[in-house]
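Number of protein chains: 2
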Amino acid sequence: MKKGFRTFQPRFNTWDTQLHFPTNPHFLNEWRLHIDDAQTQFAGLSIAQRAQFLNDLAANFLNAKAEISKVYLRESGLSSERFEAEFERTHRTILIFAQHILKVDWQKTERSETENIQFSKQTLPLGTILVLGSSNFPLAYSTLGGDTIAALAAGCCVVLKAHPMHAGTSSLVAQCIAQTLQQWALSPFVFSHVLDDSYYWASTFAQESAVKAIGFTGSVKGGRALMDLAAARPEPIPVFAEMGSLNPVIISPNHHQEALAQIAKKLAYSIYTDAGQFCTKPGLILVQTEEANIFESVLLEELAHLPATPMLHPDIHAKFEARKRQVFQNKGFTRAENQEQLEGIFARWGIAKTQLQDLFNASSALEEVFGPFAVVCSYENIADLTKLFNILGGQLTLSIFTQEAQPNVQLLAAAQKIAGRIILNGVPTGVRVLEAMHHGGPYPASSDARFTAVGPDSIKRFTKEICMQVHDAL
Amino acid sequence: MKKGFRTFQPRFNTWDTQLHFPTNPHFLNEWRLHIDDAQTQFAGLSIAQRAQFLNDLAANFLNAKAEISKVYLRESGLSSERFEAEFERTHRTILIFAQHILKVDWQKTERSETENIQFSKQTLPLGTILVLGSSNFPLAYSTLGGDTIAALAAGCCVVLKAHPMHAGTSSLVAQCIAQTLQQWALSPFVFSHVLDDSYYWASTFAQESAVKAIGFTGSVKGGRALMDLAAARPEPIPVFAEMGSLNPVIISPNHHQEALAQIAKKLAYSIYTDAGQFCTKPGLILVQTEEANIFESVLLEELAHLPATPMLHPDIHAKFEARKRQVFQNKGFTRAENQEQLEGIFARWGIAKTQLQDLFNASSALEEVFGPFAVVCSYENIADLTKLFNILGGQLTLSIFTQEAQPNVQLLAAAQKIAGRIILNGVPTGVRVLEAMHHGGPYPASSDARFTAVGPDSIKRFTKEICMQVHDAL
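Here the protein sequences line up with chains A and B, keeping their order. Going by the numbering used here, the first residue of the first sequence is number 407, and it counts up by one from there. Going by the numbering used here, the first residue of the second sequence is number 407, and it counts up by one from there.
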């Protein structure tokens, strides 16, 4: 939902794929005519068929890898290592869901003990889902990303609003899905791909009665706008928005020097990889006053050695620079920054150093800065952090580094209230696709703390249950 | 959320229990001071302790049965048979949840295959829940009803806004909970009981930041007002509102005469029991034209024999009479009504007869009439019902009577889209507390089709998940 991508530098402007841009507005009428039949048809596949459909989709995606790679690299400014990792993850996610739905208990049957009645609880697709592609994951959280895969696995049709920053990649991936639907002789309306550089398609489909839920990854502002739109419908629908997060990292006291240095190195990498454009990038690091100096010096040294990388888009770069300057200006904050000569949209990392008292008065530092930036804040006692927890909103992650066997009990209890994932002795970046994963958290990290956006359980966002109660005929 | 209960007829006005009415407005400040500690304390019980707490609560509830019965009967106008059934059901529900939480997988652990990291998905209480007592179930959907039991079982504190029509019953039940908290030396703020005859407490607590979800049973208007309030909060929260439903009943063609008569008898009882004051009361019956006469004559005869019963409250009675008249006035509707001389708030059943064409033009007949009333509508062919499905909103239930081994395939597919529970050859009233139960449905039957308000799975409304990701210490 970013505007202005027409000002892309030529390097990122890859309109060599066949794009109809923006999508013809008459598409809506066509979609309305066909979506109910498409939803009925797709929901009518057996679970085994749906699993095979996903496997075929994975194969088509894999076949298009070389072509997708070419466009992805030119369009996103991300590295080829990152492409490999993101492609592999996306491909694997499709296969994980194909296996997962074969294990799910789609129907649980029970007989009433006292009456001769059979009750079956059936899990069914919720209906058609609107998914908005993200800016920062052209594959894993976009056209055939976690939301789309989970929705298709649940038996839901999808309307995908492509992110304009990688419309070319999106179109190629959409072609893989269209191809699979054709092979299966399924309606092309099972998956619809719309493109624009405004809010038109997103807000239009968000209000269509056939759309029963929305999946979104992006800013709090964008997510909240969708939530408000969805709540105001004649029939309100759930929005699963994965939004902003500071991802606080707490370094407990009493780390020996070598451990502190190791933590600093890990965090430098976590802050800077792919220009810090991750929703799980650590944005606030809390370290005990006496250990702060060693930690900071290793962190800055390490950052200085990491190679410069471009950001996703000039707009993102400009916003990053502005937000970074805003945080630096807070009273009691000192600035450390990349000293290299960098041109264009290459990311200039920044670290703001401060102490707890000043952090409390700096609201601009308590919101995500999207990019390679973090606030390093010193504290005297772990107990002082309690007040911080009270003003931090919901978080996707909270990391605790500790040398003890168990972290501080109060700290852990507070973390469980505000974070969707708690990491002991590790960095928050790198969200694994596992059954035990939870990627979400209390608002504003996500719109609903009860659901994960990553892992097989994310299918629960897009299913509903009904009860079949069968009496003997009269 | 009904006004004017101060005009109760003396028979229903049972202010012989110690009521602070309305609840002292300073209570809010006190609650704000204590709720976080209460939530932490209650969530800190082990699962075994929480199960024992529920068992003790069930015992205290049972001990208070005679006292509760006295107030319930005077306050509600419901029969002693109904009290017995509702009391037993409520008591059993507490025990079912005590057993259920011992079986739930509160923690699922997984190791990453390629890295030395342990991931555990933990299920935790969502936080404090606001529950609004219903008008029609003084026990089963009120103070210690399904929502409260599920919330406590999940480890959530509860704020209960008593329904003013049975504030006496509510206060007695609240005393059972307070007594159990005292026995366990738990904070009295684990369960707070507030009383008023306005929207003050409901709208106030709905906007408190410590409240993380709302449970409601009542009208679409009331439920939607809460949904809008919850969606507009700085931190939006989910509302689980179980609202209105027509509960259509489709009698497939080709029933022999005796079967038709049996169905009519069952439906008469289902329409009229407890003055039809059930969210699952059948409100629309569809019968094939040639079978309509036999069906209707048995239905009316049966209704004429059922004993008159009072409604819950003068306001409900007045609204019922007004809505009934409204539906009768539709073009092409004929009226059948109770011919007895009835006084006060005794329910005068009504049946409106019509045909499909006229039903389509009668929007007032396509909304719930709360009370002993149903529209009996004749149709020519099952296929004609497709158009009706397109204009019916979400339904709690949809019943199909058929002599075939399987109901019509299109009918079943359409039913799965709009109803939370599909009943073959049975009436919709009588919601069993079972794992396979689903009590809910697409909007406006409920606010979220994905969740049930009845049965052990209803606990899922009030839990969230987090991931604990544990690396080895450095």
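Using N, Cα and C, we set each Cβ at its ideal position, and we do this for glycine too. Please read all numbers here as calculations on a predicted model, not as lab measurements.
Quick one: Cα of glycine 621 of chain B to Cα of isoleucine 829 of chain A, how far?
-> 33 Å
Look up valine 626 of chain B in the DSSP assignment and give the residues it is bridged to.
-> None; valine 626 of chain B has no bridge partner.
Alpha-carbon spacing of leucine 393 of chain A relative to alanine 573 of chain A, whole angstroms = Because residue 393 of chain A is not part of the residues shown, which for chain A are 407 to 880, the question remains open.
Go ahead and pull the three-state DSSP assignment for lysine 759 of chain A.
-> strand
Could you work out which residue in A/Tyr785, A/Asn660, A/Phe489, A/Asn653 is closest to leucine 673 of chain A when comparing CA atoms only?
-> A/Asn653
Which value, in whole angstroms, describes the spacing of the CA atoms of alanine 504 of chain B and serine 452 of chain B?
-> 12 Å
Go ahead and pull the three-state DSSP assignment for methionine 717 of chain A.
-> coil
Minimum Cβ-Cβ distance from glycine 847 of chain B to chain A less than 9 Å = yes
Give a yes or no on whether the C-beta atoms belonging to serine 518 of chain B and leucine 501 of chain A are separated by under 9 Å.
-> no
For glycine 539 of chain B and cysteine 562 of chain B, believed in contact at Cβ under 8 Å, the rounded distance = Incorrect: roughly 17 Å between the Cβ atoms, too far for contact.
Tell me where the beta strand (DSSP E) around threonine 686 of chain B begins and ends.
-> Careful: threonine 686 of chain B lies outside any beta strand (DSSP E) and carries neither H nor E.
For histidine 506 of chain B, is the classification buried or exposed, using 16 other Cβ atoms within 10 angstroms of its Cβ as the cut-off for buried?
-> buried
With 16 other CB atoms within 10 Å as the buried threshold, where does glycine 750 of chain B fall?
-> exposed
Minimum C-alpha distance to histidine 440 of chain A - residue among A/Val565, A/Gly799, A/Asp680, A/Leu791 = Checked all of A/Val565, A/Gly799, A/Asp680, A/Leu791; the closest Cα to histidine 440 of chain A is A/Val565.
Straight-line gap, proline 570 of chain A to arginine 639 of chain B (C-alpha atoms, nearest Å) | 31 Å
At which residue ranges does the stretch 518-583 of chain B contain complete alpha helix (DSSP H) runs of 4 or more residues, listed in the order of the chain?
-> Qualifying alpha helix (DSSP H) stretches, in chain order: 552-560.
Quick one: Cα of leucine 817 of chain B to Cα of methionine 717 of chain A, how far?
-> Computed Cα separation, rounded: 54 Å.
Chain B beta carbons: is any one of them nearer than 9 Å to that of methionine 843 of chain A?
-> For methionine 843 of chain A, the answer is yes, since a Cβ of chain B falls inside 9 Å of its Cβ.
Output the residue ranges of the beta strand (DSSP E) runs that lie fully inside the stretch 731-809 of chain B and measure 3 residues or longer, sorted by chain position.
-> 740-743, 756-761, 779-785, 801-807
Is the shortest distance between the beta-carbon of threonine 760 of chain A and the beta-carbons of chain B less than 9 Å?
-> no
Can you tell me whether DSSP reads proline 862 of chain B as helix, strand or coil?
-> helix
When DSSP labels each residue in this structure, what does arginine 867 of chain A get in the three-state scheme?
-> In the structure shown, arginine 867 of chain A falls within a helical segment according to DSSP collapsed to helix, strand and coil.
The beta strand (DSSP E) spanning arginine 838 of chain A covers which residue range?
-> Following the DSSP letters along the chain, one finds arginine 838 of chain A in no beta strand (DSSP E), marked with neither H nor E.
Is there at least one Cβ from chain B nearer than 9 Å to glycine 689 of chain A's Cβ?
-> no
Around the Cβ of histidine 711 of chain B, are there at least 16 other Cβ atoms within 10 angstroms (buried) or fewer (exposed)?
-> exposed
State the DSSP-derived secondary structure class of glycine 410 of chain A, mapped to helix, strand or coil.
-> Its pLDDT being 31, under 50, glycine 410 of chain A is placed unreliably in this model, and the value from its coordinates should be taken loosely. Secondary structure at glycine 410 of chain A: coil, using DSSP grouped into helix, strand and coil.
Cutoff 8 Å; reference leucine 880 of chain B; Cβ partners in own chain excluding five residues on either side | none
Length-filtered (4 minimum) alpha helix (DSSP H) runs lying within the stretch 449-516 of chain B | 453-469, 471-482, 486-509
With 7 Å as the limit, tell me which residues of the stretch 441-470 of chain B have their beta carbon closer than that to any beta carbon of chain A; keep them in chain order.
-> Thr446
How about methionine 874 of chain A: is its C-beta nearer than 9 Å to some C-beta of chain B?
-> Interface flag for methionine 874 of chain A against chain B is set, since a Cβ pair is found closer than 9 Å.
Cβ pair threonine 623 of chain B, glutamate 648 of chain B closer than 9 Å = Going by C-beta atoms, threonine 623 of chain B is nearer than 9 Å to glutamate 648 of chain B.
Phenylalanine 807 of chain B CB to nearest chain A CB: under 9 Å?
-> yes
Looking only at its own chain, which residues have a Cβ that is under 7 Å from the Cβ of alanine 780 of chain B, when we skip the five neighbours before and after it?
-> Excluding sequence neighbours, alanine 780 of chain B sits near Ile677, Pro688, Gly689, Leu690, Ile691, Ile757.
Collapsed DSSP secondary structure at glutamine 875 of chain B in the structure displayed = strand
Hey, is alanine 556 of chain A's beta-carbon within less than 9 Å of any beta-carbon in chain B?
-> no
Who are the neighbours of methionine 649 of chain B on chain A, taking C-beta pairs under 9 Å?
-> Residues of chain A passing the Cβ test: none, with the nearest at roughly 12 Å.
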